[in-house]
Each structure stands twice: as structure tokens, then as C-alpha cells.
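Position 195 of the sequence shown, counted from 1, bears residue number 196 in the numbering used here, the numbering being contiguous throughout. Written below as C-alpha cells is the structure these notes are about.
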Amino acid sequence: MTTKVLVTGAGGFIGSHLASRLKRDGCWVRGADIKEPEFRPSDCDEFLRLDLRSWENCAAATRDIDEVYALAADMGGMGFISSHHSQILYNNAMINFQTMEAAHRNGVRRYLYSSSACVYPEYKQTETDIVPLKEEDAYPAQPQDAYGWEKLITERLCTHYREDYGIETRIVRFHNIFGPYGTWEGGREKAPAALCRKVARAKLIGNHEIEIWGDGEQTRSFCYIDDCLTGICKLMRSDYHEPLNLGQDRMVTINELSDIVADIAGIRISRKHVAGPQGVRGRNSDNTRLRKVLGWEPEISLEEGLARTYAWIEQQVREKVRHERVSSPA
Ligand code: NAD
Numbered sequence: 002m003t004t005k006v007l008v009t010g011a012g013g014f015i016g017s018h019l020a021s022r023l024k025r026d027g028c029w030v031r032g033a034d035i036k037e038p039e040f041r042p043s044d045c046d047e048f049l050r051l052d053l054r055s056w057e058n059c060a061a062a063t064r065d066i067d068e069v070y071a072l073a074a075d076m077g078g079m080g081f082i083s084s085h086h087s088q089i090l091y092n093n094a095m096i097n098f099q100t101m102e103a104a105h106r107n108g109v110r111r112y113l114y115s116s117s118a119c120v121y122p123e124y125k126q127t128e129t130d131i132v133p134l135k136e137e138d139a140y141p142a143q144p145q146d147a148y149g150w151e152k153l154i155t156e157r158l159c160t161h162y163r164e165d166y167g168i169e170t171r172i173v174r175f176h177n178i179f180g181p182y183g184t185w186e187g188g189r190e191k192a193p194a195a196l197c198r199k200v201a202r203a204k205l206i207g208n209h210e211i212e213i214w215g216d217g218e219q220t221r222s223f224c225y226i227d228d229c230l231t232g233i234c235k236l237m238r239s240d241y242h243e244p245l246n247l248g249q250d251r252m253v254t255i256n257e258l259s260d261i262v263a264d265i266a267g268i269r270i271s272r273k274h275v276a277g278p279q280g281v282r283g284r285n286s287d288n289t290r291l292r293k294v295l296g297w298e299p300e301i302s303l304e305e306g307l308a309r310t311y312a313w314i315e316q317q318v319r320e321k322v323r324h325e326r327v328s329s330p331a
């Protein structure tokens, strides 16, 4: 029998890719989001434009559904997360609490929740050269932002609904997922997309100086979207219900990331370091448990993933620059 799945946040970056993957895998897919995907049509069998902060909408979205992939969230890159605490905590708690309760009442069997590396405590991420984060490092809790606190509390919600009601919950902690068809401008974009945009613009207008927030020595690991989707699908089918990291474990500085993007673009850049939110000083994923539980870990190199992402973003920037030149010729 065909599995009927709901992807919340199906109008967003990971959700829209995931809906396509689940369709290809033979599921019947309902998407729910306040907006349709921005950059290409949705592959969902049914797409409901719904605000999932509302109980009625959560009940409608989860009706007749076997499995939920809960990805809807009010979120963005560091610039957004570090400056919208109340909004993020309120919106995401409303979405997650009501989607979970509605799924339980509608008899959903499996439920995957998209948590984040932002749950990890600030005190373990104060140096650039940090020890990779293991799942158990989340406690004692001290996430940097409200975004991370909300993720942590919804992780607990999943655990309690599984224990109390038997719904099979899965909890995945993403570490900086990137790829084409994601937000690349407007304030919610994350570092890889922002750097691709800055480098593409530098290349297209011929001014090779790009701005970097802070000294650029802050470190992260970055995981390409196709690996993220494979990990999500493997975890959903596994019997593992504790939180699990999903990311690459190769740590790079933001300066190094910008150099990789510039190499892909075929230009040399100069960096102008400006004040801006940087998040924690260093962060990396410890993939020991991921390898053990799924017998797999992300495989696509940073260079390969960025090449695919850059190609798409350069196309978007090219279109925008062309438009700017037409509307205000020099
Ligand atoms: P995204 O912003 O592209 O997608 C989130 C989607 O949720 C958006 O389309 C948005 O419209 C939708 N949404 C927001 N408020 C809603 C509401 N009230 N009702 C219905 N839909 C609503 O983000 P993404 O990168 O695709 O992230 C997906 C999930 O993964 C999120 O839960 C995010 O917190 C988590 N995550 C992502 C990353 C990453 O690097 N991309 C890292 C850690 C965790």
C-alpha cells in the first residue's frame, strides 16, 4: 500500500527537496506551508497553503497521513536567528506543539522532527578549533539563541509522545545544510548561499571585494542537500529514536569557505571584514553515532556541493544584475 506522508515546510529549502525525493521513492506526498516553493514548482501530490500555528490547520494537514516529516519553522541564517528571539520561539513552539498533537490524534505512525546543531551549548563552542559535538553534549543545556532552546524542547516533546502514546518519533540534528533552490538573499540566507551570492556579484560586476562578518575565522561544517535527504530517509526507516547528528565532519573557517567559492567562480577575492553576527566561535559534527546507527555518513564533498550550489546562485544573480542594468542604465 502507498505510504501517505506529510512534509511540513514543503515550500522551503529542505522540505521542497524532500517532497521530491519522497515522491520518487513512491510515497503519496502532501506538503503544507504558508508559502509555495519560491524557485520551482512543488512535486507534492497535494500542497496545502496553511499557517501551522493554527490548531485547525495542523489537524487538516495531518488527516489520513501515515508519516510526518516536520520541517516547518520560522528560521534563517545567523543574522535572522540572533535578532528575532520572541518571534522564533513563539512561532516555532506553536507550529511544533500543535503539529505533534494533531499527528497523535490523527493516528500518525511515524514522525521525524528536524532539530538543529543550534541545540548544543554555547560553552562547548567557544574556540575555532573545537572538539566535534556528540549528541550527548546537548546537556547541560545552554543553546546560544531562542531558536536552539525551542528545538531542544521540541526534541523532548517527541520523546514524551513516543513514550506516552507510542508514536514512532525520529529526531535529526542538521548541521548547516546547503544546496540549490534555497534562500540566497533577503536576510534569511545562510553563510554558503550568502557567500555564493557575494562572490557571484563580485565576478559579474568586476569588483572583487566581498564583505565577511567578523574575522572570518569562525568554523563550521557544511552538508550538501542530497546527503541530507539520504540521511533523513535512512533515519525515518531505522528504529533509532534518540537525537542524531546529520552533517559533514570536515570543519572549515568562513574565510576558507569563501576561498573555495571564489575558486569555483574562477576569481580572486579580497575580504573586507565588517561587524556582524557570527554565532558560536566553532562548531563541528561528531559522526560516530551517525555511522553506527545508519551505517552511512554524508559523502558529497564540500567542493562538489558548492560547485552545484554556486552554479545555481550565479544564474540567479546574473538575472538580477541584468534586471538592475535594464531598470537603471548607467
Ligand atoms: P526554510 O526556511 O527554507 O523552510 C522552512 C519552511 O517553513 C518555510 O518554507 C516557511 O514558509 C515554513 N513556515 C514558517 N512558518 C510557518 C507556518 N507558520 N506555517 C507553515 N509553514 C511555515 O528552512 P530549511 O533550511 O528548509 O529548514 C527546514 C527545517 O530544518 C527547519 O525546521 C529548520 O529549523 C531545520 N534546520 C535547517 C538547517 C539548515 O542548515 N538549513 C539547519 C538546522 C535545522
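Don't be surprised by glycine CBs; every beta carbon is placed ideally from N, CA and C. Since we're looking at a predicted model, the values are computed, not measured.
Based on Cα-Cα distance, which residue from I131, T220 and H242 lies nearest to G280?
Walking along the sequence shown from the start, residue 280 turns up at place 279. It is T220.
For M101, write down the residues that DSSP places opposite it in a beta bridge.
Against the sequence shown, residue 101 aligns to sequence position 100. The partner list for M101 (beta bridge, DSSP) is empty, contrary to what the question assumes.
So, for A142: in the same chain, excluding its five sequence neighbours on each side, which residues have a beta-carbon less than 7 Å away from its beta-carbon?
Along the sequence shown, one-based indexing puts residue 142 at 141. The answer, listed in chain order, is P122 and L153.
Would the region 264–274 count as touching the region 94–111 if we require 3 or more Cβ pairs under 8 Å?
Using a C-beta cut-off of 8 Å, the region 264–274 makes no contact with the region 94–111, since fewer than three inter-stretch Cβ pairs fall below that distance.
Who are the near neighbours of D46 in its chain, counting only those whose CB is closer than 8 Å to its CB and skipping five residues on each side?
Taking the sequence shown and counting its residues from 1, one reaches residue 46 at position 45. Once the five neighbours on either side are set aside, the close Cβ partners of D46 are K24, W29, V30 and R31.
Using the Cα positions of L19 and E128, report the straight-line distance between them to the nearest angstrom.
Translated into the one-based positions of the sequence shown, residue 19 becomes position 18. Translated into the one-based positions of the sequence shown, residue 128 becomes position 127. Rounded to whole angstroms, L19 to E128 spans 34 Å at the Cα level.
On the DSSP letters alone, give me the boundaries of the beta strand (DSSP E) that N332 sits inside.
In this structure the chain extends from 2 to 331, so residue 332 is not present and cannot be described.
Determine the extent of the beta strand (DSSP E) in which K273 is found, giving its start and end residues.
For the purposes of this step, residue 273 is taken as residue 272 along the sequence shown, with counting starting at 1. Start and end: S271 to V275.
Looking at the secondary structure, which residues open and close the beta strand (DSSP E) in which K5 lies?
Walking along the sequence shown from the start, residue 5 turns up at place 4. If you look at K5, you'll find it in the beta strand (DSSP E) that goes K5 to T9.
Does DSSP put Y311 in a helix, in a strand, or in coil?
As a first step, residue 311 is located in the sequence shown; it is residue number 310 there, counting from the start. Y311: helix per DSSP, three-state reduction.
Spatial neighbours of P181 within its chain, please: CB distance less than 7 Å, with the 5 preceding and 5 following residues excluded, ordered by chain position.
Residue numbering aside, residue 181 sits at position 180 when the sequence shown is read from its first letter. Hits under 7 Å: R309, T310 and W313.
Helix or strand or just coil, what does DSSP make of I211?
If you number the sequence shown from 1, residue 211 lands on position 210. In the structure shown, I211 sits in a strand (DSSP, three-state: E or B).
Can you have a look at H161 and say buried or exposed, based on whether 16 or more other CB atoms are within 10 angstroms of its CB?
If you number the sequence shown from 1, residue 161 lands on position 160. Exposed, by the Cβ-count rule.
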